[in-house]
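Oh and the sequence shown: position 29 is 29 in the UniProt record's numbering, straight run, nothing missing. First the structure, in the form of structure tokens, and then the observations on it.
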Amino acid sequence: MTTNPYIGSSLDNLLEEDGILDEVEAIALKRVLAWQISQAMQERGLTKTEMAQQMHTVCRMR
Numbered sequence: 001m002t003t004n005p006y007i008g009s010s011l012d013n014l015l016e017e018d019g020i021l022d023e024v025e026a027i028a029l030k031r032v033l034a035w036q037i038s039q040a041m042q043e044r045g046l047t048k049t050e051m052a053q054q055m056h057t058v059c060r061m062r
């Protein structure tokens with residue numbers, strides 16, 4: 001393997017040095033989960049209200 005002088009450390013290393021790696025990973029995970037839920041709702045033709053009802057959560061408008 002050759003060493004390229006123009007390649008630096010990885011993004012993970014940079015984020016870890018800045019002390020925000022865990023926070024960035026948590027945000028990314030939440031976004032992926034939200035996208036997956038959105039896709040599942042779309043496949044099943046569910047609205048947010050219908051999804052909330054199926055999850056037995058309370059949705060109150062103020």
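From the three backbone atoms N, C-alpha and C, an ideal C-beta is built for every residue, glycine too.
In the DSSP assignment, find the unbroken alpha helix (DSSP H) run with residue i in it and report its ends.
i: residue 38; result: 21–44
i: residue 12; result: 11–17
i: residue 55; result: Segment: none, residue 55 is in no alpha helix (DSSP H) and carries neither H nor E.
Can the beta-carbon of residue i be found less than 9 Å from the beta-carbon of residue j?
i: residue 15; j: residue 24; result: yes
Going by Cα to Cα distance, which pick from the options is closest to residue i?
i: residue 41; options: 54, 7, 29; result: 54
i: residue 37; options: 26, 51, 27; result: 51
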